[in-house]
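Notes to accompany the following structure.
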DNA sequence: ATGCACAGCCGTCCGCCGTCGGAGGACGCC
DNA sequence: GGCGTCCTCCGACGGCGGACGGCTGTGCAT
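Residue numbers (my numbering), protein chains in the order written: chain F, -15 to 218; chain G, -15 to 218.
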């Protein structure tokens, strides 16, 4: 074991070994992982599966700590299998580590949504893979660096977009923004008036001004703008 | 160098060493990192800073590949410094790796938004830290496993919430959902009618039914529901 | 076959919404 | 003081929106 990389498992000797289930349709890949894992003292392979359905069966039978799951597999794919495993009663402790060749964004999203704890690419080094298994077994999560980068990029880009959209509201006065926020929650003019201690006529004026400035025709379109700019939360 | 962990830098010997700038207000922390880094052949410390302002100066002077940045620092904090560095013309190649004791969600978000490429906790092992430096220097990104876990948890939880909210729409007919989607984009009844090849009166009926079933009074409130359920994207 | 329920479609009536014009007061700026 | 901006308020008009009832067709059950 590599010194210093053991944050997830500082004393491997006095614990039960991490039980791993391999799910991949290619025999060569499985045997490769198996020899890689078997030389480690603190990790052992307890089962293998060649498709998603088998993976679910094996998970129920062997109750592993970690499932190394490929995505593209015959019959049931890895993402569906992941969903079934983590939703099975009594198998909540099982962590799924996706291991695939493709870094398609859609795969990553679906896999995480399905309940995967990690996402690694097959071009990762052996030590990275072993480290990932230990991290996931400890209940933490881990993504391949390239995936992390893209995830962050997407995260920040949508933040920037929200920032840019928020600039559309810069033409509004403070009061108009307040009114817009209430319109964004579906309030009527009268409700806005009593909420802000205004005459309903004044509320209408502010709504009207906001619509004119933002190019909205309806108050419905104002709601759309309020959501798109992030003025009102989901 | 550890075999297998070198995916980010497979052949360290035939490249220029990674230049690292240390930014931390505690002398002990800096010296600790320095001895850790200096024993590696492919990484070298080219400067040190004790606060955010110094970090920006040093980054301009030494043009490092990676800045190891603490968050809590006097004068200018690490997040502000990160923002200034990555926005400085000619310093876009500089990657910032946040290294802090606290895993507060707000810190993580702000740091990533500011342009950081990684976020590690100070309780990480030496090998993890060195690996993180190499990953970030290679242009990829990396988060501490605990951070990754929380990020994924937040990501999926909001997905699950959207899923639960979507059940509200189960009472609607297919046609009504279509109409609702268009209402959610701010379309008028006439526009919906021509969009779906309907009489405007029919569009109104569907809108009316959707409102009755969902407990909405306005079409504005329908827009709110459409966004909250995720029927229309942000 | 009859009755029933539901989805879809349409026309009509009333009310709120949105527009326009006007008007007053508070504040800051030249 | 004059000017501009913002907030507040009012009244009247036209129109879209929403409610209501009626009509058709389909599927299901008795």
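From the three backbone atoms N, C-alpha and C, an ideal C-beta is built for every residue, glycine too.
Using a Cβ-Cβ distance under 9 angstroms, would residue i count as near chain G?
{"i": "residue 212 (chain F)", "result": "yes"}
{"i": "residue 172 (chain F)", "result": "yes"}
{"i": "residue 1 (chain F)", "result": "no"}
{"i": "residue -4 (chain F)", "result": "Low confidence applies to residue -4 (chain F): its pLDDT is 45, below 50, so where it sits in the model is not reliable enough to give any reading."}
{"i": "residue 156 (chain F)", "result": "no"}
{"i": "residue 136 (chain F)", "result": "yes"}
{"i": "residue 124 (chain F)", "result": "yes"}
{"i": "residue 62 (chain F)", "result": "no"}
{"i": "residue 200 (chain F)", "result": "yes"}
{"i": "residue 142 (chain F)", "result": "yes"}
{"i": "residue 16 (chain F)", "result": "no"}
{"i": "residue 189 (chain F)", "result": "no"}
{"i": "residue 97 (chain F)", "result": "yes"}
{"i": "residue 205 (chain F)", "result": "yes"}
{"i": "residue 127 (chain F)", "result": "yes"}
{"i": "residue 51 (chain F)", "result": "no"}
{"i": "residue 48 (chain F)", "result": "no"}
{"i": "residue 208 (chain F)", "result": "yes"}
{"i": "residue 119 (chain F)", "result": "yes"}
{"i": "residue 130 (chain F)", "result": "yes"}
Taking 9 angstroms as the CB-CB cut-off, is residue i touching chain F?
{"i": "residue 4 (chain G)", "result": "no"}
{"i": "residue 161 (chain G)", "result": "no"}
{"i": "residue 183 (chain G)", "result": "no"}
{"i": "residue 168 (chain G)", "result": "yes"}
{"i": "residue 101 (chain G)", "result": "yes"}
{"i": "residue 146 (chain G)", "result": "yes"}
{"i": "residue 133 (chain G)", "result": "yes"}
{"i": "residue 152 (chain G)", "result": "no"}
{"i": "residue 218 (chain G)", "result": "yes"}
Whose C-alpha, out of the options, is nearest the C-alpha of residue i?
{"i": "residue 27 (chain G)", "options": "G:34, G:107, G:138 and G:17", "result": "G:17"}
{"i": "residue 60 (chain G)", "options": "G:188, G:49 and G:35", "result": "G:35"}
{"i": "residue 3 (chain F)", "options": "F:175, F:174, F:58 and F:77", "result": "F:77"}
{"i": "residue 38 (chain G)", "options": "G:20, G:188 and G:66", "result": "G:66"}
{"i": "residue 141 (chain F)", "options": "G:96, G:33, G:86 and G:202", "result": "G:96"}
{"i": "residue 185 (chain G)", "options": "G:56, G:163 and G:11", "result": "G:163"}
{"i": "residue 29 (chain G)", "options": "G:12, G:41, G:40 and G:7", "result": "G:7"}
{"i": "residue 112 (chain G)", "options": "G:127, G:122 and G:123", "result": "G:127"}
{"i": "residue 201 (chain G)", "options": "F:137, F:175, F:9 and F:87", "result": "F:175"}
{"i": "residue 22 (chain G)", "options": "G:161, G:196 and G:5", "result": "G:5"}
{"i": "residue 49 (chain G)", "options": "G:0, G:187 and G:10", "result": "G:0"}
{"i": "residue 81 (chain G)", "options": "G:11, G:124 and G:182", "result": "G:124"}
Identify whether residue i lies in helix, strand or coil by the three-state DSSP scheme.
{"i": "residue 182 (chain F)", "result": "coil"}
{"i": "residue 79 (chain G)", "result": "strand"}
{"i": "residue 57 (chain F)", "result": "coil"}
{"i": "residue 10 (chain G)", "result": "coil"}
{"i": "residue 4 (chain G)", "result": "strand"}
{"i": "residue 199 (chain G)", "result": "coil"}
{"i": "residue 113 (chain G)", "result": "helix"}
{"i": "residue 206 (chain G)", "result": "helix"}
{"i": "residue 74 (chain G)", "result": "coil"}
{"i": "residue 215 (chain F)", "result": "coil"}
{"i": "residue 99 (chain F)", "result": "coil"}
Inset, instruction - Check whether the segment 124 to 138 of chain F touches the segment 151 to 159 of chain F, counting contact only when three or more Cβ pairs, one atom from each stretch, lie closer than 8 angstroms. - result: no
Legend entry - Three CB pairs or more closer than 8 angstroms across the segment 60 to 80 of chain F and the segment 92 to 108 of chain F: yes
Legend entry - Inside the segment 118 to 185 of chain F only - alpha helix (DSSP H) runs reaching at least 4 residues: 129 to 150, 158 to 167 and 173 to 179
Inset, instruction - Counting only runs of 4+ residues fully inside the segment 22 to 67 of chain F, write out the alpha helix (DSSP H) ranges in chain order. - result: 36 to 46
Legend entry - Meets three-Cβ-pair contact criterion under 8 angstroms: the segment 136 to 156 of chain G and the segment 206 to 216 of chain G: At 8 angstroms Cβ cutoff, the stretches touch.
Legend entry - Touch test, the segment 138 to 147 of chain F against the segment 182 to 200 of chain F, Cβ-Cβ under 8 angstroms, three pairs minimum: no
Legend entry - contact_flag[the segment 161 to 176 of chain F, the segment 197 to 212 of chain G] where n(CB pairs < 8 angstroms) is 3 or more: yes
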